[in-house]
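First up is the structure itself, then whatever we jot down about it.
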Amino acid sequence: MSKEQTMPAETPGKASEKSAGFFASLYDALNSIRLTVFLFIILGIVSIIGTIIEQGATPEKYAQIYSEGTIRLFNALGLFDMYHTPWFFGLLLLLMLNLIVCTIERLPRVWRFAKTIKPVLDEGDEKKHPFMESLQVMGAAEKVEQVFKKSARFSIWIVLLDVAAVALAVFFTMIYDLNVLEFISFIIIPLVYVALVNFKGKLVRTERDGAVHLFLNQWLISRFGVYITHVSILIIFAGAIVGNLFGFKGYIAIPEGRAENQMFVRQNKMIDTVSASVRDLFSGKKDAAADPHGRQNSEYKALPFTIRCDDFSISYYPDTNRPKDYTSDLVVLRNGKEEMRKTIEVNDPLIVDNIYFYQSNYGQTGRPGLVIFEVTSPNGDTREYRARPNGRFRIDGTTTDVEVVSFVPDFTIIQGRVAARSNELINPAVYLRATDGSRSVFTGWLLPKYPEHSVETGPYKFAFKDYWGWQYTGLQVAYDPGVEVVWIGCSLLVVGLMISFFHSHQRIWARVKGDHVVLSGSTHKNRMGFEKRFNDLVQLLKE
Amino acid sequence: MELFKISQSLFNVGGIAFVVATILYVIYLGPRNRAVGNAATGATVLGVLCLTVGLALRWIEAGLHHPPFTNLYETLLFFAWGIALVYAVIEFKYKIKIAGAFVLPISLAAMGIASLSPNKEIEPLVPALQSAWLHFHVAVSSVAYAAFVVAFAFSILYLLKDRLPMAVFGVCVAIVGWFSMSVTKLSVITEGIFRMRQMVEEHGKVYPVFYPGTKTAVEIEIPGVGSVFLITFGLYVLAMILYMLYLFTKQENLERFSLWAMIASFVAQSAALLLLLVRIKAIPQVSMQSNPYEMTMLFISWGTTLVFLIVHFNYPKFLEALPQKKLLDNLSYKTIMVAFPLMTLVIITGAIWANYAWGTYWSWDPKETWSLITWIVYALYLHARITIGWHGRRTAYISIIGFAVVLFTFLGVNIVLSGLHSYASG
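Order-wise, the sequence lines are chains A and B. Quick note: my numbering has the first sequence finishing at residue 543, numbered continuously throughout. Quick note: my numbering has the second sequence finishing at residue 426, numbered continuously throughout.
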């Protein structure tokens, strides 16, 4: 029961028979499934440790939790940044080598096995297969062929499953405005899968020694699913390595109205050292990454273009303080010229030269911003004005001066005093004083959210537009040339797993001599399911 | 708003259906009455239908871009739905009603935690959660986790059928018993005092009270409950020690004593829970929502002990009722074979979302790491089974370890470890 494979028996220690040298035994070790199990256990335990000890926290935080000796020990072992230590990388590498060697050893065997599958059932062959049935059928050859064809028909469940998968993909695409690439991956994976598993193999009919042999060879691909899976894991790993060696991750904070091209680069010592040496190797010279300002090994890196933030804003769900979206209006400048602009939001980054800029966070610069108004005059003329808190502006064509006495981003009254509840523009309020010469026109709070409580502004209509230039937008910067490789690996991985686990290589033979039929069958997985299929087939023949 | 109310009452009906189904399945363990079994199946199907319609209505109410699995409350409901659905399909296909008593309680527990959740309203999505990939990710994860849970139940049944001594189960149940108390209410063991978080009501919602300027919740003592729980704790430890001694010495007297200790723990825990419920009703500052996880843990350990005792007293009959060992082993294996590709899809869709939201597809945050650990455990299971040829007990143990890891990935990480996923704990 445990081994349902009808594969030729494994011959362990093949390499060691040739030579018992160091490399041979190393190869043997890498070829062992026990190493895989061991590595799985070790990786599992180590990963658990990594989630219990907080990774990459500040030294102060560690000092609160652990004693000095413990910190020194953990630091020496790299447990504070465990997933980036050479030994963790070594474990992963060992797993990959194990996987490569196992695949090299086993794939050709499966290939050879696939090549030697006989389409005929010679006398006595049926005893080699786990399922056998011998029976008398009238008009056997035609009946068997007909029953076999019926058995090989598309399974309605698989068709329904596929339709469901494609429908789901279309549904997601319709309601979420997926981009083309996403749509393709959503559609392609089920389609590739459909194409692969519905390839059911054809019915082979052979006449030999006065007997008719019929052979149904289905889902042979299932035997290869495991290798598709393994190769895809290697692809993912390769993509991750490429990304770590040649990509970078950084952070850039741009105040509204400012432009920036220096980004703060996240340090990763082990990978930095390796990637620097690899870059040297490729470029043939040292310090290829040194920046023009001579800030070698500095934490800042210059981008090949400049990014300006025109505006950062938060939108809220109606009548709540729950943020709906964070958006930044970004402009890309190269050599002083505007190249492109995009309003980015969470989950929708800006992409320039394959460098991704993600909306990450925001904050206040500490500098006062500009209050921007739209003022409509009695004659219907609307104009935009801007002033700093404590600043003033004159309404065009009049002698009316408006002074912005005070600005509060989130207006509230605590114990009879005006106060800011938060630093967000949730309930902005401006205290205005308008004078015409020495005559006071109006004075009081303008509350854009609550016009009914706002001061009467005489003949003018004030619309508060924004408080601008006081916040910065924080952008996560990522350049990862390996990411597409990772996605290709992921798609293959899913397909490989589905092929190997949802299906099994099933073979059914029939040898028909006159009215005497000998049926034989074999499956490499899902014995229960195959048993049912085989018995159904026998029943059909008996009818 | 009408749809929301209808869906809410459908969840309630579904919850009651699961309670009924669980009770019926547990009764079915004993005298295996056909009508009882059919009624249990009926209740399960009713529960699944209620949850299906309820979740669909909630989705319609929230809008298409806001599927009903974006906060912990919804995710738990979805998880409960997934478990019951996967189980119902397998029951229908293989006609094995006996597993219901082991699967449905887990579904019920998920419903239980959900019902204790203080936030049941449809909340607007924070920007990071507005992503198709994330929604796909959560939907698939519920189904994958549910399948792993069902595989776990079959592994337990396999071990029972394989005549793994009841004493071994006894040790495990006793550990679950005292563990649930020591992780949730350490003060019970150290001081003999049971405390619960004080809650206030504001705008129809209840919130815990914190000491000003801190993140420490104000807790008040529930009089009398602590000492009863302390006795329960002691009895569980005693039962565990006695069962272990029995396993080493094989003295039959010891087995009897340990069974008595287990019955005593069950009685004590029932008394403690009853007293707790009475006190919660009497004290206005606390409610069932004060400590939802801890309450659930206590009820889970109580339910586990109950199932253990029922199986223990019906052991020969129960064994007879179980399907063949081979079938149980195979069902567990098959379920994992379906769940594993789904789990892979869960990790991948999570990575795609993370790449959109944070600019990196993998950042080793605790939730990610634990989902990888889950994946590794089941990869180990599959390699051990397919390549090495392990089966039976050894693979059943891996499946049980896998279940523990799944539970921790799903809930434990949010409660115990902090990380980027912390918004989901609200």
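C-beta: ideal position from N, C-alpha, C; glycine also. All of these numbers come straight from a predicted model, not from anything done at the bench.
In whole angstroms, give me the CA-to-CA distance for residue i and residue j.
i                 : j                 : result
Pro208 of chain B : Thr216 of chain B : 10 Å
Arg195 of chain B : Glu219 of chain B : 6 Å
Asn119 of chain B : Tyr73 of chain B  : 7 Å
Met166 of chain B : Ser258 of chain B : 11 Å
Gly100 of chain B : Leu541 of chain A : 38 Å
Gly482 of chain A : Ala238 of chain A : 8 Å
Phe357 of chain A : Ile241 of chain B : 59 Å
Ala139 of chain B : Gln359 of chain A : 26 Å
Thr51 of chain A  : Leu91 of chain A  : 17 Å
Tyr378 of chain B : Ile398 of chain B : 8 Å
Tyr460 of chain A : Asn423 of chain A : 29 Å
Ile98 of chain B  : Asp125 of chain A : 41 Å
Glu123 of chain A : Glu145 of chain A : 19 Å
Asp515 of chain A : Pro316 of chain B : 50 Å
Lys366 of chain A : Leu77 of chain A  : Note that residue 366 of chain A is Gly in the sequence shown, not Lys. Spanning the two alpha carbons is a distance of roughly 41 Å.
Ala151 of chain B : Ile113 of chain B : 22 Å
Thr398 of chain A : Pro378 of chain A : 11 Å
Lys143 of chain A : Leu328 of chain B : 37 Å
Met111 of chain B : Gly15 of chain B  : 6 Å
Gly489 of chain A : Val226 of chain A : 14 Å
Asp28 of chain A  : Leu94 of chain A  : 13 Å
Met244 of chain B : Leu116 of chain B : 36 Å
Ala79 of chain B  : Gly496 of chain A : Just to set this straight, residue 79 of chain B is Phe in the shown sequence, not Ala. Taking the straight line joining both Cα atoms gives about 26 Å.
Val101 of chain A : Leu493 of chain A : 19 Å
Gly437 of chain A : Asp396 of chain A : 14 Å
Glu531 of chain A : Ile388 of chain B : 23 Å
Is there a Cβ from chain B that is less than 9 Å from the Cβ of residue i?
i                 : result
Trp487 of chain A : yes
Met270 of chain A : Caution is warranted here: a pLDDT of 49 is assigned to Met270 of chain A, below 50, making its placement in the model unreliable, and the coordinate value is therefore given only provisionally. It does not: the Cβ of Met270 of chain A has no partner Cβ on chain B nearer than 9 Å.
Asp410 of chain A : no
Gln262 of chain A : no
Asp291 of chain A : A caution first: Asp291 of chain A carries a pLDDT of 38, below 50, which makes its placement in the model too unreliable to give a value.
Phe246 of chain A : no
Ser375 of chain A : Here residue 375 of chain A is Val; the residue named in the question, Ser, does not match the sequence. So, not an interface residue.
Gly90 of chain A  : no
Lys286 of chain A : For Lys286 of chain A, the pLDDT reaches just 44, beneath the cut-off of 50, and the residue's location in the model is therefore unreliable, although a value from the coordinates is still provided. It does not; no Cβ of chain B falls within 9 Å.
Thr6 of chain A   : Low confidence applies to Thr6 of chain A: its pLDDT is 40, below 50, so where it sits in the model is not reliable enough to give any reading.
Ala240 of chain A : yes
Phe407 of chain A : no
Which residues in the same chain have their Cβ closer than 8 Å to the Cβ of residue i, if we skip the five residues on either side of it in sequence?
i                 : result
Ala312 of chain A : Here residue 312 of chain A is Phe; the residue named in the question, Ala, does not match the sequence. Contacts found: Glu256, Tyr326, Thr327, Ser328, Asp329, Tyr362, Gln471, Tyr472 and Thr473.
Tyr467 of chain A : Gly369, Leu370, Val371, Ile372, Phe407, Pro409, Leu425 and Pro428
Leu382 of chain B : Ile336, Met337 and Phe340
Which residues does DSSP pair with residue i in a beta bridge?
i                 : result
Asp436 of chain A : A:Thr400 and A:Arg439
Asp329 of chain A : A:Asp311 and A:Thr343
Tyr479 of chain A : A:Phe248 and A:Ile355
Lys461 of chain A : A:Thr376
Ser554 of chain A : Beyond the ends of chain A as shown, which are 1 and 543, falls residue 554 of chain A; an answer cannot be given.
Gly15 of chain B  : Answer by DSSP bridge pairing: none, since Gly15 of chain B is not bridged.
Asn361 of chain A : A:Gly474
For residue i, decide whether its Cβ has a neighbour in chain A, counting only Cβ atoms nearer than 9 Å.
i                 : result
Trp81 of chain B  : no
Ser131 of chain B : yes
Thr360 of chain B : yes
Phe340 of chain B : yes
Asn355 of chain B : yes
Ile386 of chain B : yes
Leu345 of chain B : yes
Excluding the 5 residues preceding and the 5 following residue i in the sequence, name in chain order all residues of the same chain whose CB lies nearer than 6 Å to its CB.
i                 : result
Leu331 of chain B : Phe154
Thr382 of chain A : Glu374 and Thr376
Leaving out five residues before and five after residue i in sequence, what residues of the same chain have Cβ atoms less than 7 Å from its Cβ?
i                 : result
Tyr385 of chain A : Phe373, Val375 and Phe393
Quiz item: What residues from the region 298 to 328 of chain A come within 8 Å of chain B, judged by C-beta to C-beta, listed N to C?
Solution: Tyr317, Thr320, Arg322, Pro323, Lys324, Asp325 and Tyr326
Self-check item: Residues of the region 464 to 478 of chain A whose Cβ lies closer than 8 Å to any Cβ of chain B, in chain order
Solution: Gln476, Val477 and Ala478
Quiz item: Between the region 482 to 507 of chain A and chain B, which residues of the former have CB atoms less than 7 Å from a CB of the latter, in chain order?
Solution: Val483, Val486, Cys490, Leu493, Val494, Leu497, Met498 and Phe501
Quiz item: Got a sec: which bits of the region 335 to 368 of chain A sit with their beta carbon under 9 Å from any beta carbon on chain B, in order along the chain?
Solution: Glu345, Val346, Asn347, Asp348, Pro349, Tyr356, Phe357, Tyr358, Gln359 and Ser360
Quiz prompt | Members of the region 46 to 64 of chain A that neighbour chain B once the beta carbon cut-off is set at 7 Å | solution = Ser47, Ile48, Gly50, Thr51 and Gln55
Exercise. Quick one: which residues of the region 365 to 379 of chain B get their C-beta closer than 8 Å to a C-beta of chain A? List them in chain order.
Key: Pro366, Thr369, Trp370, Leu372, Ile373, Ile376, Val377 and Ala379
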